[in-house]
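First to last, the sequence lines map onto chains W and Y. No gaps in the numbering here: position 111 of the first sequence is 111 in my numbering, and each next residue is one more. Converting from the second sequence to my numbering requires adding 114 to each position, the first position being numbered 1. Heads up, the thing below is written out as structure tokens.
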Amino acid sequence: AQSVTQPDIHITVSEGASLELRCNYSYGATPYLFWYVQSPGQGLQLLLKYFSGDTLVQGIKGFEAEFKRSQSSFNLRKPSVHWSDAAEYFCAVGAVGGADGLTFGKGTHLIIQP
Amino acid sequence: NAGVTQTPKFQVLKTGQSMTLQCAQDMNHNSMYWYRQDPGMGLRLIYYSASEGTTDKGEVPNGYNVSRLNKREFSLRLESAAPSQTSVYFCASSEQSPGQGAHEQYFGPGTRLTVT
Numbered sequence: 001a002q003s004v005t006q007p008d009i010h011i012t013v014s015e016g017a018s019l020e021l022r023c024n025y026s027y028g029a030t031p032y033l034f035w036y037v038q039s040p041g042q043g044l045q046l047l048l049k050y051f052s053g054d055t056l057v058q059g060i061k062g063f064e065a066e067f068k069r070s071q072s073s074f075n076l077r078k079p080s081v082h083w084s085d086a087a088e089y090f091c092a093v094g095a096v097g098g099a100d101g102l103t104f105g106k107g108t109h110l111i112i113q114p
Numbered sequence: 115n116a117g118v119t120q121t122p123k124f125q126v127l128k129t130g131q132s133m134t135l136q137c138a139q140d141m142n143h144n145s146m147y148w149y150r151q152d153p154g155m156g157l158r159l160i161y162y163s164a165s166e167g168t169t170d171k172g173e174v175p176n177g178y179n180v181s182r183l184n185k186r187e188f189s190l191r192l193e194s195a196a197p198s199q200t201s202v203y204f205c206a207s208s209e210q211s212p213g214q215g216a217h218e219q220y221f222g223p224g225t226r227l228t229v230t
């Protein structure tokens, strides 16, 4: 079965600084990878996804993520964060034929300092 | 196009009471899911339905039942609520079909349930 680890429970970044959120997955084949964002009191919104092809994927709100097979990682990045990026971020992995859908990490809470 | 809708948004129950959380999607998706979200635990799958007429247990099914009423609707029932079921419940849907690669899930706004 697949699994996801987000090593950082909380991250604090100054507004305007760059951001990297870590995600490591465990899966025996090529995974399907996703990043979601959850603003306070809201549901989850898809930021970006990786299925195959170019290992650097672009998403909404200026986010990007890079798939590194050798490191089993799919880290999320943003060059310059805005106060509105403060939220909970979830990495998820899916399997081929996985009827039970995606496996989510426990999330990283992003705090933006003025 | 409303996406995934959930009712109610908030609910307070006493221990032992029952209730049904409703979920509907208008995207003609095959698969639907119920998750619970607790602090520090991420999202945990309660039940899922890979197609109309089928349901299966997820990671934490105890104390819950589900019904896939039709392709649009997937309800979650708590027969006898317990304080341990205090949580935020999310419904999601996906184009996922058995044997295919994984598809993204679309989430509803959630139901915040408190059991006293």
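For glycine and all other residues, C-beta sits at the position ideal for the given N, C-alpha and C.
* Under a CB-based cut-off of 9 Å, is HIS143/Y close to chain W? -> Against the second sequence, residue 143/Y aligns to sequence position 29. So no, HIS143/Y is outside the interface.
* Counted within 10 angstroms of its Cβ, other Cβ atoms place ASN184/Y as buried (16 or more) or exposed -> As a first step, residue 184/Y is located in the second sequence; it is residue number 70 there, counting from the start. Looking at its Cβ environment, which holds fewer than 16 other Cβ atoms inside 10 Å, ASN184/Y is exposed.
* To do: Kindly indicate if chain W contains any beta-carbon less than 9 Å away from that of PRO175/Y.
  => Residue mapping note: residue 175/Y aligns to position 61 of the second sequence, counting from 1. It does not; no Cβ of chain W falls within 9 Å.
* Check the Cβ-Cβ distances between LEU227/Y and every residue of chain W, and say whether any is below 9 Å. => Looking up residue 227/Y in the second sequence gives position 113. It does not; no Cβ of chain W falls within 9 Å.
* Asked: Among SER26/W, VAL13/W, ASP8/W and ILE11/W, which residue has its Cα nearest to the Cα of ALA1/W?
  -> Looking up residue 1/W in the first sequence gives position 1. Considering only alpha carbons, the answer is SER26/W.
* Starting from the beta carbon of ASP8/W, find every residue of chain Y whose beta carbon is closer than 9 Å, and list them in chain order. => As a position in the first sequence, residue 8/W is number 8, starting the count at 1. Those do not exist, as ASP8/W stays about 13 Å from chain Y at its closest Cβ, beyond 9 Å.
* Among GLY43/W, GLY28/W and LEU47/W, which one has its Cα closest to the Cα of TRP35/W? -> Here the question's residue 35/W lines up with position 35 in the first sequence. Answer by Cα proximity: LEU47/W.
* **Cα-Cα separation between GLN58/W and GLY215/Y, rounded to whole angstroms** => For the purposes of this step, residue 58/W is identified with residue 58 of the first sequence, where counting begins at 1. For the purposes of this step, residue 215/Y is identified with residue 101 of the second sequence, where counting begins at 1. Distance between the alpha carbons of GLN58/W and GLY215/Y is about 20 Å.
* **Inter-residue spacing [alpha-carbon to alpha-carbon] between SER165/Y and GLU209/Y** => In the second sequence, counting from the first residue as 1, residue 165/Y sits at position 51. In the second sequence, counting from the first residue as 1, residue 209/Y sits at position 95. Approximately 10 Å between the Cα atoms of the pair.
* To do: Could you tell me whether any Cβ in chain Y is nearer than 9 Å to the Cβ of LEU44/W?
  => Here the question's residue 44/W lines up with position 44 in the first sequence. Yes, LEU44/W counts as interfacial toward chain Y.
* Asked: Any idea if GLU218/Y is buried or exposed, counting beta-carbon neighbours within 10 angstroms, 16 or more meaning buried?
  -> To locate residue 218/Y, count along the second sequence from 1; it is residue 104. The residue in question, GLU218/Y, is buried, as its Cβ has 16 or more Cβ neighbours within 10 Å.
* To do: Identify the contact partners of TYR183/W in chain Y, using a Cβ-Cβ distance below 7 Å as the criterion.
  => As shown, chain W starts at 1 and ends at 114. That puts residue 183/W outside it, with no answer to give.
* To do: Closer than 6 Å by C-beta to LEU157/Y: which residues in its own chain qualify, once you throw out the five before and the five after it? Chain order, please.
  => Within the second sequence, the letter at position 43 stands for residue 157/Y. These residues qualify, in order along the chain: TYR149 and GLN151.
* Rounded to the nearest angstrom, how far is the Cβ of ARG117/Y from that of GLN139/Y, given a contact under 8 Å? -> As a first step, residue 117/Y must be located in the second sequence, where it is residue number 3. As a first step, residue 139/Y must be located in the second sequence, where it is residue number 25. The residue you asked about is not Arg; residue 117/Y is Gly in the sequence shown. About 7 Å; that satisfies the 8 Å criterion.
* Report yes or no: do three or more beta-carbon pairs, one from the segment 170-182 of chain Y and one from the segment 29-43 of chain W, lie closer than 8 Å? => no
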